[in-house]
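Counting along the sequence shown from 1, when you hit position 66 you're at 92 in the numbering used here, and nothing is skipped either side.
Here a beta-carbon is modelled for each residue, glycine too, at the ideal position from N, C-alpha and C.
Keep in mind the model is a prediction, meaning the values are calculated, not measured.
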Amino acid sequence: MTSQFTTEDWACFKAREIVEREGMTLVRAARGSSRNDLHESSLRLARAIAATLIEASVDNSAYSNRARSF
27 MTSQFTTEDW ACFKAREIVE REGMTLVRAA RGSSRNDLHE SSLRLARAIA ATLIEASVDN
87 SAYSNRARSF
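Have a look at this one:
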């Protein structure tokens, strides 16, 4: 990440991306789909959030390792 693109900017971008991709599916499932559809939509949202947290952890770890090498 560059200094102009902060961690907060990245987090906001990723949150918006997840909501745009998974959020409406979850809303539709909550409004009238079966419990199974709602459950599956919830799991997809949870997986997307977990993947982003892992991505942030890996990126932060790589950044910290590079900073230590200087």
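Please state whether DSSP places residue i in a helix, a strand or coil.
i, result
"residue 32", "coil"
"residue 70", "helix"
"residue 93", "In this prediction, residue 93 scores a pLDDT of 46, lower than 50, which makes its location untrustworthy; the coordinate-derived value is nonetheless stated afterwards. It is helical."
For residue i, collect the residues of the same chain with a Cβ closer than 6 Å to its Cβ; drop the 5 residues on either side in sequence, then sort them by chain order.
i, result
"residue 67", "51, 52 and 55"
Alpha carbon to alpha carbon, how far is residue i from residue j?
i, j, result
"residue 49", "residue 81", "20 Å"
"residue 84", "residue 77", "11 Å"
"residue 60", "residue 31", "41 Å"
"residue 71", "residue 58", "18 Å"
From what residue to what residue does the alpha helix (DSSP H) around residue i run?
i, result
"residue 54", "50-58"
Measure from the alpha carbon of residue i to the alpha carbon of each residue in the options, then state which is nearest.
i, options, result
"residue 74", "34, 40 and 36", "40"
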